[in-house]
Amino acid sequence: MSISQVQIAQQVVESILAQKLAPGERLGEQELAELFGVSRTLVREALMQLQARGFVEVRTRKGWYVVEPSVEEARDAFSARRIIESGILREAGRPLQSVLRKLRDHIAQEEQAIEQADAATRAFLLADFHVCLAECLGQRLLCDVLRDLTARTTLAASLYQSKHDAGQPCAEHAGIVAALENGDLDLARERMLTHIG
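Under my numbering, the residue at position 70 of the sequence shown is numbered 113, and the numbers go up by one with no gaps.
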């Protein structure tokens, strides 16, 4: 089965979320074409799509690279996440048990990745929690926006933030879900804002 440029772009974004691709890392068209078993033209189209979304840049006579966000771009991305994610929680209402179960399952997967020292899966799941939360709370329209913003903040964090204990964000996610479970949306919002920073 043939892979599309959209799927290639999605794989690159997921690799950023999993911290498999770092800011400033070169993305060779030929290597990606071989990896996905597609033409360089299709890879180039996917990279142009990612360039339009702000994830990669082309450097004259050097090729494609993962962007290195400026401090201002990082600040903007974190600010946008705070606005969107606190807004999602403001509109949430008390979630259904099935929603809470899905969020707890996600946190259990985070914990398992931490225990197994699976850095890529852990990084992806910690970032994906925010997309999962939006989806579970009925904000599907915001999922792609949040995935992109979370990938941008992942790049920024790898450049500008010190390394943190892998268990801390997972515990913060659990605290957000616990507040939702208790119907305390103000506390959930407060915890989310603290978590995002």
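Glycine is no exception: its CB is placed at the ideal position from the N, C-alpha and C atoms.
All values derive from a computational prediction rather than experimental measurement.
Distance, residue j Cα to residue i Cα
| i | j | result |
| --- | --- | --- |
| I46 | F79 | 7 angstroms |
| V86 | D119 | 29 angstroms |
| A162 | E72 | 26 angstroms |
| M235 | I219 | 6 angstroms |
| R144 | R102 | 46 angstroms |
| L75 | Q53 | 13 angstroms |
| L64 | R96 | 16 angstroms |
| Q48 | S58 | 15 angstroms |
| T197 | Q140 | 30 angstroms |
| H149 | V81 | 33 angstroms |
| L208 | E77 | First, the residue type needs correcting, since residue 208 is Asp and not Leu in the sequence shown. Distance between the alpha carbons of D208 and E77 is about 36 angstroms. |
| L176 | E88 | 31 angstroms |
| A100 | A117 | In the sequence on display, residue 100 carries Glu and not Ala. So the two alpha carbons sit approximately 16 angstroms from each other. |
| N225 | V142 | 13 angstroms |
| D227 | T237 | 16 angstroms |
| E178 | D187 | 10 angstroms |
Check whether residue i and residue j have beta carbons under 9 angstroms apart
| i | j | result |
| --- | --- | --- |
| V56 | F98 | yes |
| L185 | I239 | no |
| L180 | A135 | yes |
| L230 | R137 | no |
| R124 | R232 | no |
| A170 | A194 | yes |
| H216 | E153 | yes |
Cβ-Cβ separation, residue j to residue i (assumed contact under 8 angstroms), whole Å
| i | j | result |
| --- | --- | --- |
| G106 | R83 | Contact flag wrong, Cβ pair sits at about 11 angstroms. |
| P66 | L202 | 5 angstroms |
| R147 | I157 | Actually they are not in contact, since the Cβ atoms of R147 and I157 sit about 15 angstroms apart, beyond 8 angstroms. |
Nearest residue (CA-CA) to residue i, options the options
| i | options | result |
| --- | --- | --- |
| L168 | A61, V49 and A52 | A61 |
| E111 | A123, Q94, I126 and R124 | Q94 |
| H173 | P212, Q155 and L90 | P212 |
| Y108 | D227, M91, E77 and R124 | M91 |
| A151 | Q50, A214 and N225 | A214 |
| R183 | A221, E128 and Q155 | E128 |
| S113 | G210, Q204 and D187 | Q204 |
| Q155 | G210, E178 and D187 | G210 |
Item to complete: Give, in chain order, every unbroken run of the beta strand (DSSP E) that is at least 3 residues long and sits entirely within the stretch 68 to 147.
Response: 99 to 102 and 106 to 109
Worksheet entry | Ordered list of alpha helix (DSSP H) runs contained in the stretch 203 to 228, each at least 4 residues | 210 to 224
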